[in-house]
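Working notes for the structure below.
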Amino acid sequence: MIILIGGEKGGTGKTTIATNLAAMRAVAGRDVLLIDTDPQGSANYWAQSRDDENITPRVACIQQFGKGLPKEVQDFAHRYEDIIIDAGGRDSVELRSSLVVVEKAFIPIQPSQFDIWTLNQMDELVETAKAFNPDIQAKVIISRSSTNPSVHESEETGKLLADFSNLGLADVSIRDRIAYRKAAKDGLAVIELKPKDPKAIKEMENLYKEVFGNE
Ligand SMILES: Nc1ncnc2c1ncn2[C@@H]1O[C@H](COP(=O)(O)OP(=O)(O)O)[C@@H](O)[C@H]1O
Ligand SMILES: [Mg+2]
Numbered sequence: 129m130i131i132l133i134g135g136e137k138g139g140t141g142k143t144t145i146a147t148n149l150a151a152m153r154a155v156a157g158r159d160v161l162l163i164d165t166d167p168q169g170s171a172n173y174w175a176q177s178r179d180d181e182n183i184t185p186r187v188a189c190i191q192q193f194g195k196g197l198p199k200e201v202q203d204f205a206h207r208y209e210d211i212i213i214d215a216g217g218r219d220s221v222e223l224r225s226s227l228v229v230v231e232k233a234f235i236p237i238q239p240s241q242f243d244i245w246t247l248n249q250m251d252e253l254v255e256t257a258k259a260f261n262p263d264i265q266a267k268v269i270i271s272r273s274s275t276n277p278s279v280h281e282s283e284e285t286g287k288l289l290a291d292f293s294n295l296g297l298a299d300v301s302i303r304d305r306i307a308y309r310k311a312a313k314d315g316l317a318v319i320e321l322k323p324k325d326p327k328a329i330k331e332m333e334n335l336y337k338e339v340f341g342n343e
């Protein structure tokens with residue numbers, strides 16, 4: 129499957145989600161390629177620390193920029209079972225061109241009004257991409273939401289999404305947990321982190337199921 133974790137806002141957890149899904153896919157025995165299109169290169173840096181620490185399974189990662197991306201992706205699709213594209217936090221050529229070749233796009237947002245505003249533009253980008261890629265499915269993932277049960281920001285954010293005709297809401301949301309930061313630092317996914325954070329593992333496994341289904 130070819131998927132994009134993208135969006136125009138930085139710091140929403142795109143790289144965190146992309147690297148976790150990539151590692152989980154590799155652990156499941158799939159041949160997966162992570163494509164880092166963000167000049168900041170944090171996904172690439174994560175894969176590099178994984179290599180440096182000899183963590184297995186290895187996650188192949190390349191950096192790819194520019195409008196030639198769709199052609200490269202189609203080429204890589206012959207060699208890998210899964211491709212996960214991490215597209216940087218701005219309205220980039222990489223973000224636009226990825227939308228043309230992916231089956232599914234996931235847009236992590238933090239439950240704040242500022243992040244919700246950026247969805248207008250994402251909704252339009254997906255609309256435009258549909259001319260070339262009519263079957264694309266685009267879903268917003270509420271990310272880094274509060275673990276405090278009295279905070280209902282995720283539900284409120286979900287309601288606002290009804291205004292966007294090209295964007296759905298993922299069933300699973302990802303909460304703000306220290307485990308994600310710790311895992312990222314060592315080139316790990318939360319499923320590999322010790323000591324374990326069972327809640328982080330559970331929600332990431334649920335997201336994995338939502339993204340890949342039985343594939
Ligand atoms: N669910 C989460 N819980 C805790 N920290 C997170 C979570 N998601 C991301 N972070 C942290 O927030 C920062 C930005 O996350 P990152 O995944 O790099 O976002 P993006 O790729 O969208 O810019 C990083 O320091 C990362 O470790
Ligand atoms: Mg990133």
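If you're matching positions, the sequence shown starts at 129 in the working numbering and goes up one per residue.
Beta carbons are placed, not taken as given, at the ideal position from N, Cα and C, and that holds for glycine.
When burial is assigned at 16 or more other CB atoms within 10 Å of the CB, is residue i buried or exposed?
{"i": "T140", "result": "buried"}
{"i": "D325", "result": "buried"}
{"i": "Q238", "result": "buried"}
{"i": "W245", "result": "exposed"}
{"i": "N248", "result": "exposed"}
{"i": "S301", "result": "buried"}
{"i": "P323", "result": "exposed"}
{"i": "E284", "result": "exposed"}
{"i": "F242", "result": "exposed"}
{"i": "K142", "result": "buried"}
{"i": "R207", "result": "exposed"}
Would you tell me roughly how many angstroms separate the C-alpha atoms of residue i and residue j, rounded to the nearest one?
{"i": "K232", "j": "A311", "result": "25 angstroms"}
{"i": "I145", "j": "V268", "result": "12 angstroms"}
{"i": "V187", "j": "Q202", "result": "19 angstroms"}
{"i": "T165", "j": "T275", "result": "30 angstroms"}
{"i": "L253", "j": "N294", "result": "9 angstroms"}
{"i": "V221", "j": "D180", "result": "31 angstroms"}
{"i": "L162", "j": "G216", "result": "13 angstroms"}
{"i": "G315", "j": "E255", "result": "35 angstroms"}
{"i": "R224", "j": "A257", "result": "7 angstroms"}
{"i": "G157", "j": "E209", "result": "10 angstroms"}
{"i": "D291", "j": "E281", "result": "17 angstroms"}
{"i": "V155", "j": "G341", "result": "16 angstroms"}
Any idea which residues DSSP pairs residue i with across the strands?
{"i": "L297", "result": "V268"}
{"i": "I237", "result": "I270"}
{"i": "R303", "result": "S273"}
{"i": "A150", "result": "Partner(s): none; A150 has no beta bridge."}
{"i": "K232", "result": "I131, Q265"}
{"i": "D210", "result": "V160"}
{"i": "Q191", "result": "D164"}
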